[in-house]
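Data block below; observations after.
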Amino acid sequence: MSDSLTIANKVFSSRLILGTGKYRNDQDMLDAVEASNTEIITVALRRLDLTNPNKTTLLDSIDTSKYHILPNTAGCKTPEEALTVAQLARSMGLPDWIKLEVIPDTKYLLPDPIGTLDAAILLIRDGFTVLPYINADPVLALKLEEIGCATVMPLGSAIGSGQGIHTSEQIEIIIEQASIPVIVDAGLGVPSDASQAMEMGASAVLVNTAIAQAENPSLMAEAFRNGVKAGRQSYMAGRIPRNRHASPSSPTDNIIDST
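Below you can see the structure in the form of structure tokens.
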């Protein structure tokens, strides 16, 4: 059965998106990317040293013919900064896709809902395909879809916290209301968190810290790959209803009388 992921008319076979920050070295990152079977990789342009044209960066290590590079606006605190970074990505020949992050809060790293909406409007007007990172806010998610965002990316818990999904009720509402892909981003710690997101009906998950900081990043990437697959298959198969009472798994008719 074909079960591809479509974002803005582009089709992908993998539902696992990888971030590229926090790895101990580039080789760990490349090994994890390969093991994950991902097709979309996010790159924070503000974290790259672009001042020296003779110095290699993370982008030089990635096979851009094999992977779809998704520039992100990590580090941007205002809509104007996000637009500037997106335009920089465009000038570098990167795709017009932008993972939008507007985060003025340096303690909890929670996305600014108003700034995110304002930035999305600016970016869409400028011709970008926008994938906004947001708190798990169903109202904001609908507004972002209405203005033309390609996805919404609600957080499961705080960035890099590894706490798992604390926002499941809100994410379920977002999924129920959305007609664009919903990608759970941030806070996932182990593959079972990814599986949970997929079982809820999420279109994909984005994972960075949980893989990058694992003792064995490539093995953890493979585990997340399997967790995403299992969760998606579970969702497609259709789980049994929850029931307060027990239900015998064996037939109750024609039971042999033991008396």
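Every number in the working numbering is 26 more than the matching position in the sequence shown, counting from 1. Note that beta-carbon positions come from the ideal geometry of N, C-alpha and C, so glycine has one too. In this text, all values refer to a predicted model and were calculated from it rather than measured experimentally.
Given residue i as reference, the closest of the options once Cα atoms are compared
{"i": "I67", "options": "P130, S183, A247 and S221", "result": "A247"}
{"i": "L157", "options": "V210, S183 and A236", "result": "V210"}
{"i": "L136", "options": "D122, I160 and A108", "result": "I160"}
{"i": "S62", "options": "G257, F250 and N269", "result": "F250"}
{"i": "V208", "options": "L181, G215 and D219", "result": "L181"}
{"i": "V165", "options": "I201, F38, G119 and M262", "result": "I201"}
{"i": "F38", "options": "N269, Y93 and L84", "result": "Y93"}
{"i": "D89", "options": "E172, L245, R258 and E60", "result": "E60"}
{"i": "A220", "options": "G45, A212 and V231", "result": "V231"}
{"i": "Y261", "options": "G227, A236, G119 and R270", "result": "G227"}
{"i": "D163", "options": "L149, D122, Q196 and G45", "result": "Q196"}
{"i": "S40", "options": "G188, G264, N252 and A212", "result": "N252"}
{"i": "P121", "options": "V69, E225, G264 and A238", "result": "V69"}
{"i": "Q222", "options": "A238, I206 and R258", "result": "R258"}
DSSP three-state assignment for residue i, whether helix, strand or coil
{"i": "M179", "result": "strand"}
{"i": "I129", "result": "coil"}
{"i": "M27", "result": "With a pLDDT of only 47 at M27, under the threshold of 50, the placement of this residue in the model should not be trusted; the figure read from the coordinates follows. Note: M27 maps to coil in three-state DSSP."}
{"i": "P121", "result": "coil"}
{"i": "P158", "result": "strand"}
{"i": "P97", "result": "strand"}
{"i": "D89", "result": "coil"}
{"i": "L44", "result": "strand"}
{"i": "K36", "result": "strand"}
{"i": "A58", "result": "helix"}
{"i": "I191", "result": "coil"}
Exposed unless 16 or more other CB atoms sit within 10 angstroms - verdict on residue i
{"i": "N234", "result": "buried"}
{"i": "P97", "result": "buried"}
{"i": "K133", "result": "exposed"}
{"i": "K255", "result": "buried"}
{"i": "I140", "result": "exposed"}
{"i": "R50", "result": "exposed"}
{"i": "S30", "result": "exposed"}
{"i": "P217", "result": "buried"}
For residue j and residue i, the rounded distance between their alpha carbons
{"i": "P267", "j": "S273", "result": "11 Å"}
{"i": "H192", "j": "Q203", "result": "19 Å"}
{"i": "F154", "j": "A167", "result": "18 Å"}
{"i": "E171", "j": "D152", "result": "17 Å"}
{"i": "G190", "j": "E106", "result": "31 Å"}
{"i": "A108", "j": "C175", "result": "15 Å"}
{"i": "I33", "j": "T177", "result": "7 Å"}
{"i": "L149", "j": "A112", "result": "8 Å"}
For a minimum of 4 consecutive residues, which ranges assigned as the alpha helix (DSSP H) are wholly contained in the stretch 217-285? The stretch 217-285 contains these whole alpha helix (DSSP H) runs: 217-225, 235-238 and 243-263.
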